[in-house]
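2 protein chains.
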Amino acid sequence: MNTAPRLGTGTGVGTGRTLADPDTPFAVVDAHRTRRNIERLAARAERLDVALRPHVKTAKSLDVAALLHHGVPCPVTVSTLAEAEAFADGGYTDITYAVGVDPHKLPRVIALLRRGVTLRVLLDSVEQAEAVAQAAREAGLPVPAQIEIDCDGHRGGLKPDAPALVRIGRILHAADCLDGVLTHAGESYFAYTAEERRLAAENERDTAVAAAERLRAAGLPVATVSVGSTPTAHAAEDLTGVTELRAGNYVFFDLVMAGIGVCRVEDIALSVVVTVIGHRPEYGWIVTDGGWMAMSRDRGTAVQAQDQGYGLVADLDGRLLPGLVMTAASQEHGTLTARDGARLPDLPVGTRLRVLPNHACATAAQHHGYHVVDSARTTDTAPEIEDVWKRVTGW
Amino acid sequence: MNTAPRLGTGTGVGTGRTLADPDTPFAVVDAHRTRRNIERLAARAERLDVALRPHVKTAKSLDVAALLHHGVPCPVTVSTLAEAEAFADGGYTDITYAVGVDPHKLPRVIALLRRGVTLRVLLDSVEQAEAVAQAAREAGLPVPAQIEIDCDGHRGGLKPDAPALVRIGRILHAADCLDGVLTHAGESYFAYTAEERRLAAENERDTAVAAAERLRAAGLPVATVSVGSTPTAHAAEDLTGVTELRAGNYVFFDLVMAGIGVCRVEDIALSVVVTVIGHRPEYGWIVTDGGWMAMSRDRGTAVQAQDQGYGLVADLDGRLLPGLVMTAASQEHGTLTARDGARLPDLPVGTRLRVLPNHACATAAQHHGYHVVDSARTTDTAPEIEDVWKRVTGW
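Chains as they are written, first to last, in the numbering used here: chain A, 305 to 699; chain B, 305 to 699.
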């Protein structure tokens, strides 16, 4: 994996290789689709007059993130301190760490704050608030903290009327650490119509704003009211009272998002290149060298109206092969089958294919980096690899 | 991650840290259980008078592998060329690459052979056999190849009576590349009784031997007759005609293997340390910082009589917390719930727990390495981390 200049910086140097060259399996990012997905939400946020704070947990890549803001570091959300540290190293100074903070990790938070990074932490308990306040006092600097609000019973957070909300706000405020509130409509991943997503976005906003108002009514300052998920960010019509919108998956999108209608299959910017290594005509199978190690075990579409198996299959140029689905996976084997009466295509041993993932965050996590192509450029050969971008890994 | 001497080499130096120290989540290997699992199958193989060729795809670690053979490199099976190359670097010279070979990867195979490594490839088609034979002729050296045999319809391979079998054998033999046959009873992962597994092992042996006999009857030399999977390796009673036994998962075991009865839960040597970051008493949830990024999305026990969610939960010493199960996962959040009428234990924010995986191969793959403890040693503190072992990643 090289450390070539970022595509976003426009070197256009290329690698001299195509998708026919590296040994499979490997992950591919279509920079054209990625840019289009980024522009779509940026335009929405502008229309809604709300700041965008993209979640970089999907791509975990400084190079992908560079596409977000034309090279000038923007506010970002992260899911691990390893991401926060890598993005701080990359010049990002406004970072929200959107997983409830484990007090044991506060020394790394303090270290980032001391480097001049505004790193906001998230919490939903008195214990965490006391730990943050104590760490801030010991360090002699504020640790900006947001109170996690539960808007749909997805995982963490307090209901806006929870007795602990104001108490936590006071503990944080006394240590000059209260930054605001944050909520995430995680259940919107199961909102199958535009109307359901619009209502989920409304509820997400209403819940966050209600929590903020309750804190303000208690005399506490609330600077940030943060909401977002990829489905609600694309459905919100009015974000009055909200100061920032978060979304992460939208940069790549995936079959789960296509399945609920947030994007089209043609918007999916991440795929995995695999090679045909065998055939089992007696079972109607084509066997590839891309198993769950390359795709992840994520089967998010299994609960959707159209189960897409481990992924839909395209040719090396990215054109879908109608009816061909990756339906089973071993560690390093994928099984492709035909559905909907489609004929199993004739794909000899050695044929390379691209498999579109159920869940981009999970599939991307199986790889160290991305081979970058640009589907807006047409060539007579296999798509040219313009760059290789690294991912941040670990915690 | 350090590169301290291997535990298997008996330095006993230690890291001066305990499981209470590194930021969570992180993977832990219990060296005591690992050794016990290794000894169990080694004793079986000795009793069955068959050579053992462990599959290193589960741990992907030279340090774990060192426990297999008291420091003297033994024959191993790998699932990627990256593993083959890493094990070759570690002094292993007898390696079987047990995924059907993509002809594009043959240059790396040849490079390993030229380094003096006996690297066997696997194939089940005329096209692959011709590619291997041609590569061998061009390189001026034999490329030892095994023909994959399908014993239970699990994924790749030829039935022993497939018309192509002898033809492939002849193509390989003409280039001095025919090494033997290999089969894997992948469906034995769904064999829920000892009798079913015994029959699966018998069928695995019978099928491999039948294929070998058919090749021999056609005048072709068959040196290797390789069989194995963790369930059948622990069930086989007679391996007459078989030259080697493969198994991989058994080094760590997991809840899927415990669920079919191949091991006990107390044999599982891999776990993930997570920290409690919140509580949702209204839902009966404890929230941790270990989500699917740390555990993988593998839910192998979902098809078993007892679905174990994303994993059973133990305390930091490895003692199971009765009835506590990780039932949901976001990227960096785990949700623990109580079942079977168990009371949700009182686990304050900051409490560390160990989650046992559904599928060790998949969970291990989410981590760069292992923090090593030895449950045979008792201490007054949290278990001491004796070493940190690296994993091989990528392809």
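The beta carbon of each residue, even a glycine, is placed where N, CA and C say it ideally should be.
Item                                                                                                                    : Value
Strand pairing of B/E548, partner residues [DSSP]                                                                       : B/A355, B/S530
Proximal chain B residues relative to A/G774, where beta-carbon distance stays under 8 Å                                : Since the first residue shown for chain A is 305 and the last is 699, residue 774 of chain A is missing from the structure and cannot be characterised.
Beta bridge counterpart(s) of A/I453 as assigned by DSSP                                                                : A/L462, A/T487
DSSP three-state assignment for A/H477, whether helix, strand or coil                                                   : helix
Meets three-Cβ-pair contact criterion under 8 Å: the segment 565-572 of chain B and the segment 514-521 of chain B      : no
Cross-chain neighbours of A/G705 in chain B, by beta carbon under 7 Å                                                   : Residue 705 of chain A is absent from the model: chain A starts at 305 and stops at 699.
C-beta atoms of B/L640 and B/A686 nearer than 7 Å                                                                       : no
Cutoff 7 Å: A/E431 Cβ touching any chain B Cβ                                                                           : yes
Within the segment 587-649 of chain B, ranges of the alpha helix (DSSP H) (whole runs, at least 4 residues)             : 596-599
B/Q690 in three-state terms, based on DSSP                                                                              : For the sequence presented, residue 690 of chain B should be read as Glu rather than Gln. Note: B/E690 maps to coil in three-state DSSP.
When A/G582, A/E570, A/E500, A/R471 are compared against A/A537, the one with the closest alpha-carbon                  : A/E500
Residue-chain proximity (B/R459, chain A), Cβ-Cβ < 7 Å                                                                  : yes
Expected contact under 8 Å - CB spacing of A/V526 and A/R471 to nearest Å                                               : With 8 Å as the limit, A/V526 and A/R471 do not qualify as a contact, their Cβ atoms being about 15 Å apart.
Limits of the unbroken alpha helix (DSSP H) element including A/L559                                                    : 559-564
B/R601 at chain A interface by Cβ criterion, 7 Å                                                                        : yes
Minimum C-alpha distance to A/G613 - residue among A/L651, A/G473, A/D558                                               : A/D558
Test: B/V653 CB closer than 7 Å to a CB of chain A                                                                      : yes
Under 7 Å between C-beta atoms of B/V577 and B/R695                                                                     : no
Uninterrupted alpha helix (DSSP H) stretches inside the segment 385-447 of chain B (no shorter than 4 residues)         : 385-393, 410-418, 430-443
Three-state secondary structure assigned by DSSP to A/T536                                                              : helix
Minimum Cβ-Cβ distance from A/A666 to chain B less than 7 Å                                                             : yes
Residue-level contact to chain B via CB, A/G532, 7 Å cutoff                                                             : no
Nonlocal neighbours in the same chain, by C-beta distance under 6 Å from B/R681, ignoring five residues either side     : none
At least three beta-carbon pairs within less than 8 Å, the segment 489-503 of chain B to the segment 460-479 of chain B : no
At least three beta-carbon pairs within less than 8 Å, the segment 412-420 of chain B to the segment 471-486 of chain B : no
Contact set for B/G394: own chain, Cβ-Cβ below 6 Å, skip 5 residues either direction                                    : L366
Cβ distance (whole Å) where A/V529 is taken to contact A/G484 below 8 Å                                                 : 6 Å
Three CB pairs or more closer than 8 Å across the segment 353-364 of chain A and the segment 593-602 of chain A         : no
Residue closest to B/G444, alpha-carbon to alpha-carbon, out of B/L371, B/R337, B/H637, B/D480                          : B/D480
Cβ of A/T685 within 7 Å of any chain B Cβ                                                                               : no
Limits of the unbroken alpha helix (DSSP H) element including A/L503                                                    : 498-521
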